[in-house]
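Residue numbers (the working numbering): 104 to 374. Okay, so here's the structure we're looking at.
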């Protein structure tokens, strides 16, 4: 994406100043791809199971030709991929088909992009990009995390796994087959992380206080960072939509993307 703009701060908020027309047009095109509700339904349908065009067409109730056009848009946007596969059993037998599936980490990248650009506070513009960003972020969050705050694992064995934050306090840490499970609302990382000694249990705590989500390091071995800024042991820090939480650093660590839908009043705060 071509972009040319400068950043300035207003308190704790970063604002975009002088975003050029090319940048806004490309961002507008990006939102156009995501703004079609049928395309969001397609992404949801193939979120866990690859499907061919006819299967997707039947699921969304539209023609083969229209479904193919939507898939072509999603392919160009880098959100889906297609790989050779076989159709289900038909009266004429089994046939080779293209199977469409979500690109690994593609949905998380979309949510992160929308959160980052939304938090930059792009000024009002002819395309209405700023308002569309807020609306699109809300729509994607509602479609894939049930309209509730969530963390999504980016990379590693649990890549793409989403954990809705159903309670006001959620412990985050690796599972241990020989220990009791994390209690209450929890973000249990799979048993594959059990051998990663720098991710502990619990590693950090996510909590809702005063309408704002916070992350607190639980005295972890590998440490916790938000947007690459480390927390001190037992330090508690507020979170914003699109923030990245790192549990330890490097290949032995785990990265989480924090996402929260917009409430009905349009203010970018947790409900």
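Where a beta carbon is used, it is the ideal one built from N, C-alpha and C, also for glycine.
Between residue 264 and the rest of its own chain, which residues show a CB-CB distance below 6 Å, the 5 nearest in sequence each way excluded?
256
In the DSSP assignment, find the unbroken beta strand (DSSP E) run with residue 349 in it and report its ends.
347-350
Given residue 356, which residues of its chain have a CB within under 6 Å of its CB, disregarding the five upstream and five downstream residues?
349, 350
Following the continuous beta strand (DSSP E) through residue 295, name the residue where it begins and the one where it ends.
That residue, residue 295, is in no beta strand (DSSP E); it is neither H nor E in DSSP.
My guess is that residue 271 and residue 310 are in contact by the Cβ rule of under 8 Å, so how many angstroms apart are they, rounded?
6 Å
Buried or exposed by the 16-neighbour rule on C-beta atoms within 10 Å, applied to residue 262:
exposed
Strictly by DSSP, which residues pair up with residue 200?
188
Give me the Cα-Cα distance between residue 359 and residue 302, rounded to the nearest whole angstrom.
13 Å
May I have the straight-line CA-CA distance separating residue 361 from residue 267, to the nearest angstrom?
10 Å
To the nearest angstrom, how far is it from the Cα of residue 139 to the Cα of residue 176?
10 Å
Cβ neighbour criterion (16 or more within 10 Å) applied to residue 170:
buried
Residue of 159, 291, 187, 239 minimising C-alpha distance to residue 130:
239
Unbroken beta strand (DSSP E) run spanning residue 162, endpoints:
Where residue 162 is concerned, there is no enclosing beta strand (DSSP E), although the alpha helix (DSSP H) it sits in stretches over 156-163.
Taking the continuous alpha helix (DSSP H) assigned at residue 178, which residues delimit it?
167-179
Would you report the Cα separation of residue 183 and residue 134, rounded to the nearest angstrom?
16 Å
Quick one: what's got a C-beta closer than 7 Å to residue 289's C-beta in the same chain, skipping five residues either side?
273, 274
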